[in-house]
Structures are given as structure tokens and as C-alpha cells.
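Quick note, the sequence shown lines up with residues 1 to 455 if you use the UniProt record's numbering.
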Amino acid sequence: MGLFPNEHETIDGVGRALRSGRRSCVEVLEQCLDRIVEWEPRIKAWVTVDREGALEQARALDEELRTGHCRGALHGIPIGVKDIIDVAGMPTAAGYRPWSGKIAAHDAGIVASLRTAGAVILGKTVTTQFAWIDPPVTRNPWNLERTPGGSSSGSAAAVACGMCLGAIGTQTGGSIIRPASFCGVAGLKPTFTGPMDGIVPFAPHLDHPGPIARSVRDLGLIFMEFFRLEEAVTPPLSGSEEVEMLLAKTLAPLSRPPRLGRLRGPFESQADPVARAAFDRAINALTEAGAEVLDLPAPFDFEDVSRDHRAIMAAEGAAGHASRLASAPEHYKPMIRALIEEGNAIAATTYIDARRHQEELRTKLFGCADAFDAFVTPATIGTAPDPSTTGDPALNSPWSFTGSPTVSFPIDLSPDGMPLALQLVEPRLLRESDLFETAQWCEDIARRAFRRRGN
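Written as C-alpha cells, this is what we have:
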């Protein structure tokens, strides 16, 4: 397990091997299943592994390739799905024991899209209860005495040790970016418009579904299927050569060095010395490679945004859970119970003011777009802490509040061998394609710098 993957560990590389006939879908799946046998007793990343169902999917997808048909970049790629997202025939428990036998009748929209694109749905990954912050059973593959983060705990941990090649998570505060960063993989929190049908909500004005994978390009390969195939009735089958030509034209790195806005103030002062040092090394490497990095203050009052994010999250969480908590309090974990009680006490005017601020800030950020390709910050305040917590989402929740597309990828290891990551933010909504271009350029420089340091 390395900080930066080899070709055979990525969706991009494995997909090319499948399309060229050098590997089979069954072979790729069996490698992931072997990893589950090896790692799962220690990591505890999975709620459900559908071994036989996944093998059946893989055999059918191999047959399609043998007859000259390929569904695209995800054809034959094993994917895990966070256990607040419906997968037909599997329970959606959301970490809530009374729902452990609640079988989904249909796939969530994004799962249906991924199936249509040829992904092998391998199973359901562990989430914290209702995607809040009560610590899960899952452990960090880099150190079993550390948290993988949350709430997409199992998704990040499973990808990190190769139990699947990609996974779907969700983020309301920092639940994609934080676990991806702690586990040394890449994460994308898309624009706040993602399809939420078939997903257990927590705070509907903050919830975002998004992918976790080994590289920025892999994130893009998953993400482009979230929407492109949503209305598809039949698979868009095509030849492998046609797929290769399409992929060569999409998700390319930026052709020039980017212009980045380095957000100072709380986005750096909250990071610990180890995280700041790794971030400084990454910024130096980007600058040496030609990137223009300009220091900026945060484009909003950090404390105001944190307060309003919390108000929306607590109020909407209470609206969705108060009656269930009242009828079955024994099944709720302490931290989510506390948040619901906090939400019950929030005044309507406080909630309305927070929502108005949210909309105003989205408009304000759009005005920053012309000056920079992306904002850049540390992805977390430090490395993964002990398993009594899922870590602090302070550097991520502002972007869940604004809905801005955000991507993270690893940049370094701490002195004690734990991953650290960088976060890029596109101020404009629905500009993931631009963000992928910038992020791939920066990721490539970070990878080269890491290896030059002898890693």
C-alpha cells in the first residue's frame, strides 16, 4: 500500500487492461475479494459483501467484452457503496440497528447509473450512524490504532487497501474529503446538485454524494457517470477502441501551470505543525513547477460560516430524526442524539438567516472565479487521530456549506507514516471539469515531489 498508486491499482489502468483483453472482469473482482479476505478482519470496512452477485455481474460483463461491446471506463470495475445509499437486494441500515433487515427494493439513482456504466457493485461499506460523527468500527489501513475518518469510513478504508477500486460516499460536513485524506486516497465532494434519490438524508441543504478513489483521474471517471447515464434505459455499448478515443479527449490535465489562491487565516492556522509543513512543501513544489500561488484571506468570515453550517445541519438533522429519536432513543448513539437535541432548540429565524447567508455566499464566491483556477488549502488539520473520534472537519465544512466542488489528494507522509493531503476548491458551482484539470496537474507535481524526496 503506497501513497501514490501503481497503474494496476487504478480504475484508469485496470480499465485499459480490461478493454485490451489483458485482464478479465472476473480476475479483477477476485483480486478485490482476495484483498477483502486479507484485510477485512482487521479493517472492518464492509457491512455487506455480495460475493456471488458480484461474480455474476463480472461474468456477464466479460461476455459483453468478448462480443466486442464495452460500456465505458467503468466496465468491470468493482465499486463499494456507502451504507446510506440503496443497492437493490441489500439492506440499507445507515448504522442504525433497527434497519439492519431493511432491504432496498431499488438502486439509488447514482447506483443505477454506475451499473449501467458497467461497474460491478461489490457491496455496502460502513458508515457512521446516519452519517454523523459517532466513531465507527472501521480502522485506518495505515495504522489500526487510528480512525479512518467519517462518515464515509468504510468507503475510504476499502479503497485504500484495494478491497475495491472505487467507492461512493457522502459529505455533509467533511465526510468524503476527511476520510479520503486520512486514508491516503483521493476524494471529490461535487457541486451541491448531486442526485439524492435512494440516499438516506441527514441535512438536505448540505448533503453531497461523491466518489473516493486512488487518483484524481479515477474520481473523474466515476463522477462523469453520476449524471451522464442517469436517464439511460439501455447501456450505451460501444467498441473498446471508441471508448479509448473518448477517454483520451476527456479529463485531461491542465495544459499550463495553474493560478492558485492560497487561503490564509483559519484555513492554515487551524492546521497543526506537521500538516502545515507538508502543505508548505507541496506549495513549494507547485511553485517550482510554474504554478502561480497568491496568498489570499478567506473569502468569508470563517466563524460565521462554521456557525451557520452547524445551524443548518442541526436543524435539518432534528427535523428528520426527532420523532424517531423520541420513540427509540436507545438505538441512537450519543453524538447524534446531542446534535438532534441541539437542532430542536434552534429558532426558525436562526435557520432562515443561515440559509439566506448560504445562498448569498454562493453568489459572492462566483465573483472570485475569474482570478484563480482554484483555492488551495490543507485538506485536514492534521493526520488521522485515534479511533475515539472521526477527526475535525473544520477545513471541509465551509465548502459543504457553499456547495463548491472540492477535491483532495495525498501529498506526503507524516514522520510517523500517516497520510496528509491537499484540498483544491473551485469557487464556481458545476465546474468539476475545470477542477479535474487543475487537480490532475497539481497531483502529478505532488507525486513527483514525493518521489524525489526518496519515498
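Each residue gets a CB set at the ideal place from its N, CA and C atoms; glycine is no exception.
**Residue from Arg-453, Arg-452, Gln-440 and Arg-451 with nearest C-alpha to residue 504** = A question about residue 504 goes unanswered here, because the residues of the chain that appear run from 1 up to 455.
**Prompt:** How many Å lie between Thr-125 and Ile-36 at the Cα?
**Reply:** 12 Å
**Prompt:** Within this structure, are the beta carbons of Gly-343 and Ala-328 separated by less than 9 Å?
**Reply:** no
**Request:** Please list the segments of the alpha helix (DSSP H) lying wholly inside the stretch 293-334, counting only runs of 4 or more residues, in order along the chain.
**Result:** 302-327
**Item:** Rounded distance between the beta-carbons of Ile-177 and Gly-187, thought under 8 Å
**Value:** 5 Å
**Message:** I'd like to know if the stretch 375-394 and the stretch 345-357 are in contact, where contact means that at least 3 CB-CB pairs between them fall below 8 Å.
**Reply:** no
**Prompt:** Is it the case that the Cβ atoms of Gly-166 and Ser-152 are separated by a distance below 9 Å?
**Reply:** no
**Asked** Is Ala-186 helix, strand or coil by DSSP?
**Response** strand
**Message:** On the criterion of 16 or more Cβ atoms from any shown chain inside 10 Å, does Leu-294 qualify as buried, or is it exposed?
**Reply:** exposed
**Message:** Here's the rule I'm using: 16 or more other beta-carbon atoms within 10 Å means buried, otherwise exposed. How should Leu-144 be labelled?
**Reply:** exposed
**Message:** Could you pull the DSSP bridge partners for Gln-423 from this structure?
**Reply:** Thr-377 and Ser-408
**Item:** Beta-carbon spacing of Leu-435, Leu-422 below 9 Å
**Value:** no
**Request:** Please confirm if Ala-156 has its CB atom under 9 Å from at least one CB of chain D.
**Result:** No chain D appears in the structure shown, which is made up of a single protein chain.
**Item:** Contact under 9 Å by Cβ, Gly-194 with His-106
**Value:** no
**Asked** To the nearest angstrom, how far is it from the Cα of Pro-236 to the Cα of Pro-419?
**Response** Its pLDDT being 49, under 50, Pro-236 is placed unreliably by the model, and nothing is read from it.
**Prompt:** Closer than 8 Å: is that where the CB of His-205 sits relative to any heavy atom of the ligand GTP?
**Reply:** This structure lacks the ligand GTP, and indeed carries no ligand of any kind.
**Request:** Please report the residue range of the beta strand (DSSP E) in which Ile-212 lies.
**Result:** 208-213
**Request:** With DSSP as the reference, label Pro-91 as helix, strand or coil.
**Result:** strand
**Message:** Between which two residues does the alpha helix (DSSP H) holding Ile-36 run?
**Reply:** 25-43
**Message:** Suppose you measure from the CA of Phe-375 to the CA of Arg-217; what does that come to, to the nearest Å?
**Reply:** 19 Å
**Asked** To the nearest angstrom, how far is it from the Cα of Thr-147 to the Cα of His-69?
**Response** 42 Å
**Request:** May I have a chain-ordered list of the beta strand (DSSP E) segments no shorter than 3 residues that lie completely inside the stretch 73-147?
**Result:** 78-82 and 120-125
**Request:** Assess, as a yes-or-no matter, whether the stretch 77-90 is touched by the stretch 152-161 under the definition of 3 or more beta carbon pairs within less than 8 Å.
**Result:** yes
**Request:** Report the option in Arg-139, Ala-275 and Leu-18 whose CA atom is closest to the CA atom of Glu-64.
**Result:** Leu-18
**Request:** Use the C-beta contact count for Gly-13: other C-beta atoms within 10 angstroms, 16 or more gives buried, fewer gives exposed.
**Result:** buried
**Request:** Pick out whichever of Arg-66, Arg-115, Arg-42 and Ile-445 has its Cα sitting closest to the Cα of Arg-281.
**Result:** Ile-445
**Request:** Could you tell me the distance, in whole angstroms, from the CA atom of Glu-9 to the CA atom of Leu-286?
**Result:** 25 Å
**Prompt:** Just curious, the alpha helix (DSSP H) that Gly-15 is in, first and last residue?
**Reply:** 11-20
**Prompt:** Nearest to Ala-175 by CA position, among Pro-5, Ala-158, His-75 and Gly-391, is which residue?
**Reply:** As written in the sequence, residue 175 is Ser, which differs from the Ala given in the question. Selected option, being the one with the closest Cα: Gly-391.
**Request:** Report the three-state DSSP secondary structure of Gln-270 (helix, strand or coil).
**Result:** coil
**Whether Ser-181 touches Val-305 by CB criterion (9 Å)** = no
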